[in-house]
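Here the structure is laid out as structure tokens; the discussion comes afterwards.
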């Protein structure tokens, strides 16, 4: 009671407000309005999560797939304003004859306004360049599975405090503008990967096409994606309380699939200002700034500003969980098979068997029951013969 009276003397309550919490005045996140209210303080939880997350930093892994010459490297440079291919050597025609699909990792640390991002680009040189491209996507599929396996091992280990996430969160699949829709290679590759990674189709080098041709190719590609049952990345539905501007932008993103992009790292002059684009005899194409010429801004906003975390969430909650469930199922089957094998070996050796029936299938249970019945019947016949012999001996002795 004395402590309460001291507190009331030190912090008199105003007649228009409830008694203040004794911790409010020491909280640096409280506003003057908050200090007039009594509350516990869990409203600062987002601030705690924000500080911890910013200190830890973010990771994102992006795979680019498509045949050579579609501007994959140029687009990556334009997206993240980072040159990841400084030391790259362009293979000659003779070298490409014997070239196989390779997996090349480029990792770079990017910082923007105090936010750190560890960006990893998975390049696939040699993809689709051979005369025979049978199973050329197998290297991509194996790499994605290897990262899932490594994460599963780390997650199942003893030290799980600093697990490094190298799983592929998104795959930009580049489609040639010179084909009539999807090629058979595109269909087979995307069908092999669509259950393992978020696929975002990209119509490369859109400046080779007229606006009408771009619209027709987009419709054709979307139609074939649906026809062949390819599951590309699906944008999440907007909540009912979202702002109208956000809903409108989200609908524009959905309608822009596949993104028709133009890549350029060269600055040209257009309307008295320097822009990144391409200069042609008939004019200048602004590869980045003008949304009329290219979907580059939409792709960058989707990939970086609005849906990067959702891409990671879908990877964790859908693709990785499917892989994890499959691994656990296989491990369980192996344990059950080993247990069955050991039980059958004990049964054949005449050892005591503990609960063999629940671990066996219906056919195996029926077989074991039949074998037991046969053993009991044979033992019964032996006992009956022994009893008959004993009775015959006793009658002869009398």
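Numbering (full-length UniProt numbering), first residue to last: 1 to 398.
We treat Cβ as the ideally placed atom computed from N, Cα and C, and that holds for glycine.
Could you work out which residue in 300, 132, 324, 305 is closest to residue 154 when comparing CA atoms only? 324
**Asked** With contact counted as at least three CB pairs below 8 Å, one residue from each stretch, are the segment 224-241 and the segment 266-276 in contact?
**Response** no
For the alpha helix (DSSP H) holding residue 210, just list the boundary residues, first then last.
-> From DSSP, residue 210 is part of no alpha helix (DSSP H); its letter is neither H nor E.
field: Nearest-angstrom Cβ-Cβ length linking residue 49 and residue 121, presumed shorter than 8 Å
entry: Incorrect: roughly 28 Å between the Cβ atoms, too far for contact.
State buried or exposed for residue 167, treating a residue as buried only when at least 16 other CB atoms are found within 10 Å of its CB.
buried
Notebook entry, point to check: What did DSSP end up calling residue 106 once you bin it into helix, strand or coil?
Noted result: strand
Check: Can you tell me whether residue 374 is buried or exposed, with buried defined as 16 or more other CB within 10 angstroms of its CB?
Finding: exposed
Are there 16 or more other CB atoms within 10 angstroms of the CB of residue 42, so buried, or fewer, so exposed?
-> Counting Cβ neighbours within 10 Å, residue 42 comes out exposed, since fewer than 16 surround it.
Discussion item. Once DSSP output is grouped into helix, strand and coil, what is the label at residue 189?
Written reply: helix
Meets three-Cβ-pair contact criterion under 8 Å: the segment 246-264 and the segment 210-222: yes
*Is residue 22 buried or exposed, if buried means 16 or more other CB atoms sit within 10 Å of its CB?*
Residue confidence is low: residue 22 scores 46 on pLDDT, short of 50, so the model does not pin down where it sits. Its coordinate-derived value is still stated next. Residue 22 should be labelled exposed.
### Query
How about residue 224 and residue 182: do their beta carbons lie closer than 7 Å?
yes
For residue 53, which residues from the same chain have a beta carbon less than 6 Å from its beta carbon, with the 5 sequence-adjacent residues on both sides left out? none
- To the nearest angstrom, how far is it from the Cα of residue 385 to the Cα of residue 332? 48 Å
- prompt: Shorter than 7 Å from the beta carbon of residue 209 to some beta carbon of chain B?
  reply: Absent from the structure is chain B; it holds one protein chain and no more.
Measuring alpha carbon to alpha carbon, tell me which of 298, 80, 228 ends up nearest residue 109.
80
*Going straight from the alpha carbon of residue 293 to that of residue 299, what length do you get?*
13 Å
Residues in the same chain with beta-carbon distance under 8 Å from residue 187, minus the five sequence neighbours each way, listed in chain order, please. 224, 228, 230
### Message
With three or more beta-carbon pairs closer than 8 Å as the criterion, would you say the segment 281-291 touches the segment 307-317?
### Response
no
Identity of the residue in 340, 380, 114, 123 nearest residue 102 by Cα:
123
Looking at the secondary structure, which residues open and close the beta strand (DSSP E) in which residue 258 lies?
Run containing residue 258: none; DSSP gives neither H nor E here.
Between residue 174 and residue 77, is the Cβ-Cβ spacing less than 7 Å? no
**Item:** Cβ-Cβ separation, residue 141 to residue 206 (assumed contact under 8 Å), whole Å
**Value:** Residue 206 to residue 141, Cβ: 28 Å. No contact.
Who are the near neighbours of residue 209 in its chain, counting only those whose CB is closer than 6 Å to its CB and skipping five residues on each side?
-> 177
Give me the Cα-Cα distance between residue 247 and residue 302, rounded to the nearest whole angstrom.
-> Rounded to whole angstroms, residue 247 to residue 302 spans 13 Å at the Cα level.
Short of 7 Å in beta carbon distance, which residues of its chain neighbour residue 401, apart from the five on each side in sequence? Order them along the chain. Residue 401 lies beyond the stretch modelled for the chain, which goes from 1 to 398, so this question has no answer here.
Residue range of the alpha helix (DSSP H) that residue 308 falls in? Residues 308-314.
Q. Comparing alpha-carbon positions, which option in 179, 150, 200 lies nearest residue 171?
A. 200
Exercise. Helix or strand or just coil, what does DSSP make of residue 117?
Worked result: strand
Q | Opposing strand residues paired with residue 274 [DSSP bridges] | A | 269
Alpha carbon to alpha carbon, what distance is there between residue 380 and residue 390? 15 Å
According to DSSP, is residue 124 helix, strand or coil?
It is coil, neither helix nor strand.
Which residues share a DSSP beta bridge with residue 279? 284
Query raised in the report: Do residue 198 and residue 117 come within 7 Å of each other at the CB atom, strictly closer than that value?
Result: no
- When the distance is taken between beta carbons, is residue 256 closer than 7 Å to residue 277? no
Measuring only the C-alpha atoms, how far is residue 44 from residue 58?
The straight-line gap separating the alpha-carbon atoms of residue 44 and residue 58 is approximately 22 Å.
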